[in-house]
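For reference, the structure is listed below as structure tokens.
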Amino acid sequence: MSLEWMRRGGLGAPPEDAGRRLSPGFVERTLAELRGFFLRSVLSDRYARAGGFMQGLDGRVKVAALLVVVASLGLLRHVVSVVAVFVAVLVVARASGIPLRTFLRGGWLTVPLFACLTAAPALLNVFVPGEPVLDIVHIGAPRAFGPLVIPETLSVTRQGLASAAMLAARVTASASVMMLLVLTTSRPALFRSLRALGVPQVFTFTAAMALRYTHLLLRLVEAVHLARRSRTVTQGRAGEGRQWVASQMGSLLRRSVATGAMVHRAMVSRGYSDELRCLEGVCSPGRRELAWSSGAALFLALLFMADNYLLK
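Sequence positions in the sequence shown follow our numbering and run 367 to 678.
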């Protein structure tokens, strides 16, 4: 390729790219996603190690209490009660030093959106018969497709809206509780707490190693993409980036297998005894944990009383 365009003064776009608006290619978008992943990971660790309302609690108490809250969400029968749990989680997150924008944006919206899409069929009177609130289409005569019977008027029912709203609210509140646990607990403390609560060691160890390998391999992918980007003068066709990424998948698989074997040999040579050890000290539950547990139990008791009152 002729480089006369570089000698004319100024390093503008090559002739083939002149006059064309350049959009980020597949490699650039991949790099942006990798940077976003590492940024979210760093922010999560920073919030977990900062001083706040939830960060100072023993991990075992936090895990046990929040799991009880998630289980209680399945027993609540009114959507207002579930929304109250969600609001309480937001208040605790803010008291723990987590910005609400970060808390709501950190992967939280995808789970409720998926729940809404899953609950969408329940809006129709085909699946949940009831009082119609919105007629969609008039078919004329009922039609049967196996066990499924479509009524003469396809409509959205009040009972369907209530069931779909309840499902979406429960999923949203449950995802918020889990997000609060992850953002206020360091990874080693979280795995140690799960182990102390009876989760089999094979699951905690697999999750811990998977997290480490994910960061390691993504760093490798980022380095490979940056190497290609730094050696690229002009932007190629849209399909070239995807073809190159596909060609690197096999190489990444070979590297990951080789890295896993080397890490295992290194662990065995250093006395690995099938037990994942945590460098952080173990703190015994004290008055703060007792006050937190009592407050959570009182909140749930009042919530169930209010839930029963709302149903009368």
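All C-beta atoms, glycine included, are put in the ideal place defined by N, C-alpha and C.
Give the C-beta separation of residue i and residue j to the nearest angstrom, bearing in mind that I take them to be a contact with Cβ-Cβ under 8 Å.
i, j, result
"ALA535", "VAL449", "6 Å"
"ALA430", "LEU563", "6 Å"
"ARG553", "LEU577", "6 Å"
"GLY418", "THR550", "7 Å"
"LEU514", "VAL492", "7 Å"
Apart from the five residues just before and just after residue i, which ones in its own chain have a Cβ nearer than 6 Å to its Cβ?
i, result
"MET671", "none"
"HIS504", "THR519"
"ALA461", "PHE419"
"MET684", "Nothing about residue 684 can be reported from this structure: the residues present for the chain run from 367 to 678 only."
"MET615", "none"
Taking buried to mean at least 16 other C-beta atoms within 10 Å of its own C-beta, is residue i buried or exposed?
i, result
"MET420", "buried"
"TYR638", "exposed"
"PHE469", "buried"
"THR580", "exposed"
"GLU655", "buried"
"THR538", "buried"
"GLY647", "Low per-residue confidence applies at GLY647: pLDDT is 49, beneath 50, and the placement is therefore not dependable enough to give any value."
"SER596", "exposed"
"PRO487", "exposed"
"GLY661", "exposed"
"SER635", "exposed"
"SER438", "buried"
Report the option in the options whose CA atom is closest to the CA atom of residue i.
i, options, result
"LEU676", "ALA431, ARG412, VAL427 and LEU442", "LEU442"
"PRO574", "GLU588, ARG636 and SER559", "What sits at residue 574 in the sequence shown is Ala, not Pro. Taking only the C-alpha atoms, the option nearest ALA574 is SER559."
"LEU466", "VAL453, ILE502, THR476 and VAL445", "VAL453"
"SER540", "ARG412, SER596, MET628 and VAL455", "VAL455"
"ASP411", "MET545, VAL634, ALA612 and ALA437", "MET545"
"LEU423", "ALA662, GLY652 and GLY661", "GLY652"
"GLY626", "ALA612, THR572 and PHE511", "THR572"
Mind checking whether residue i and residue j have CB atoms under 8 Å apart?
i, j, result
"THR523", "GLY506", "no"
"LEU666", "VAL435", "yes"
"VAL451", "LEU618", "no"
"LEU520", "LEU489", "no"
"VAL458", "SER659", "no"
"ARG509", "ILE502", "no"
"ALA416", "GLY463", "yes"
"VAL565", "LEU432", "no"
Which residues in the same chain have their Cβ closer than 8 Å to the Cβ of residue i, if we skip the five residues on either side of it in sequence?
i, result
"GLN525", "VAL494, PRO495, GLY496 and GLU497"
"ILE485", "Just to set this straight, residue 485 is Ala in the shown sequence, not Ile. The residues are SER529, ALA530, LEU533 and ALA534."
"LEU586", "LEU618 and ARG621"
"LEU326", "Nothing about residue 326 can be read from this structure; the chain reaches only from 367 to 678."
"ARG631", "none"
"CYS482", "ALA530 and ALA534"
"ALA657", "none"
"PRO478", "ALA534, VAL537, THR538 and ALA541"
"THR476", "none"
Note down, in chain order, each residue of its chain lying with its Cβ closer than 7 Å to the Cβ of residue i, except the 5 sequence neighbours on either side.
i, result
"ARG561", "GLN567 and THR570"
"ARG387", "A caution first: ARG387 carries a pLDDT of 46, below 50, which makes its placement in the model unreliable, though a value can still be read off. Contacts found: none."
"VAL446", "LEU676"
"ASP673", "LEU442, ARG443, HIS444 and SER447"
"ALA624", "none"
"LEU369", "Confidence is the limiting factor: at LEU369 the pLDDT is only 46, short of 50, which leaves the residue's position unreliable and the question unanswerable from this model."
"PHE480", "none"
"PHE511", "none"
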